[in-house]
Amino acid sequence: MTEELRLHWALHEIDEQAVAREHVLAKQPEARREQTARVTAARVALAAIDQRLAESLKRRRVLDREIAAYDVQEKRYEQQMLAVTTQHQMEAMQHEISAVRAKRDVLENEALERLDAEERDTRTRPEKAHALERAEAEAGATVARLDAEAATLKAELLALEARRAETAAALPAATRTRYEKLRAGRAGRAVAAIENSACGGCHRGLPPHALQEARRREKLLMCDGCGRLLMLPPEPGAA
Ligand SMILES: [Zn+2]
């Protein structure tokens, strides 16, 4: 294997490692957003219960006042009943009283239904509060893990960058420029390994004569599909 090929293979391995790390880093924002979304959802669920409870309590205070007002009205009619003199007046008054009672019954039913709903919400609230605590703790742990992972990956990327610069510096200027341009234009991968008779970058198959040429390990080939430099991995023990 020529020095040019050896250097390009070294660059290929550095770039593959860098691309893999960039790939992991690129997934981080989504993982972070997912944690934020979970905490937000848990917070919204708890806030919804609290809001429902507060509104129900407010409504029940109004109902209690209205029910008390109907009670007063009913008592007043009952007082007036004592003063009626005709059967007709009596029936009219009884009619008024049952109308007031019917209205009060409607409000009392609503108040009871609200009490039931409040009880249900009060029962489920601790569970929701606990879910929020859990989501916050998990998010905290996940973000800390992601931060640590990002710090490691960035340090490794810096080290790879240094190794790449050092390796590329050993190439002739024109060859180095070609490599740098390809790397910039091909998503960080300038050199592809030939795998299963195809380009490891775009998987385009190679014609037999190209494979034969590659086996001589004398010069780099160029992929017709993606334009990357192509080479067979070094033979075991040859590197
Ligand atoms: Zn290709």
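Using the working numbering, the first residue of the sequence shown is number 1346, and each one after it goes up by one. Each residue gets a CB set at the ideal place from its N, CA and C atoms; glycine is no exception.
Which of helix, strand or coil DSSP assigns to residue i
i	result
Val1536	strand
Leu1566	strand
Gly1550	strand
Leu1402	helix
Met1346	coil
Leu1503	helix
Leu1574	strand
Val1429	coil
Leu1356	helix
Ala1515	coil
Arg1531	coil
Glu1580	coil
Strand pairing of residue i, partner residues [DSSP]
i	result
Cys1544	Ile1539
Supposed contact pair residue j and residue i - C-beta distance, whole angstroms, cut 8 Å
i	j	result
Tyr1415	Ile1442	The Cβ separation is near 10 Å, so there is no contact.
Gly1533	Ala1543	Actually they do not touch by this definition, with Cβ atoms about 20 Å apart.
Ser1401	Glu1455	Their Cβ separation, rounded to whole angstroms, is 10 Å, which puts Ser1401 and Glu1455 out of contact at 8 Å.
Ala1387	Ala1480	4 Å
Leu1574	Arg1560	That belief does not hold up - the Cβ atoms of Leu1574 and Arg1560 are roughly 16 Å apart, past 8 Å.
Leu1352	Thr1512	6 Å
Met1438	Gln1425	6 Å
Ile1412	Leu1452	5 Å
Pro1581	Trp1354	Between Trp1354 and Pro1581 the Cβ distance is about 13 Å, and since that is not below 8 Å, they are no contact.
Close Cβ partners of residue i (< 6 Å) along its chain, the five nearest in sequence each way excluded
i	result
Leu1370	Leu1498
Cys1571	Gly1546 and Cys1547
Ile1359	Leu1505, Arg1508 and Arg1509
Val1445	Tyr1415, Gln1418 and Glu1419
Lys1564	none
Ala1390	Lys1473
Leu1527	Ala1535
8 Å Cβ shell around residue i - same chain, five flanking residues per side excluded
i	result
Ile1394	Asp1466, Thr1469, Arg1470 and Lys1473
Leu1556	Ile1539 and Ser1542
Ala1518	none
Lys1448	Tyr1415
Ala1347	Note on residue identity: the sequence assigns Thr, not Ala, to residue 1347. For Thr1347, where only same-chain residues beyond five positions count, the Cβ hits under 8 Å are Arg1562, Glu1563 and Lys1564.
Glu1501	Gln1362 and Arg1366
Arg1531	Gly1546, Cys1571, Gly1572 and Arg1573
Cβ-based neighbour list, residue i, same chain, cut-off 7 Å, excluding 5 preceding and 5 following
i	result
Arg1383	Ala1480 and Ala1484
Arg1397	Asp1466
Val1488	Arg1377 and Gln1380
Glu1558	Leu1566
Ala1495	Leu1370 and Gln1373
Leu1491	Gln1373, Ala1376 and Arg1377
Leu1350	Arg1562, Leu1565 and Met1576
Residue i beta carbon near ligand 2 (any heavy atom closer than 7 Å)
i	result
Gly1546	What this structure holds is ligand 1, not ligand 2.
Complete alpha helix (DSSP H) runs within the stretch 1429-1496 (minimum length 4 residues, chain order): none
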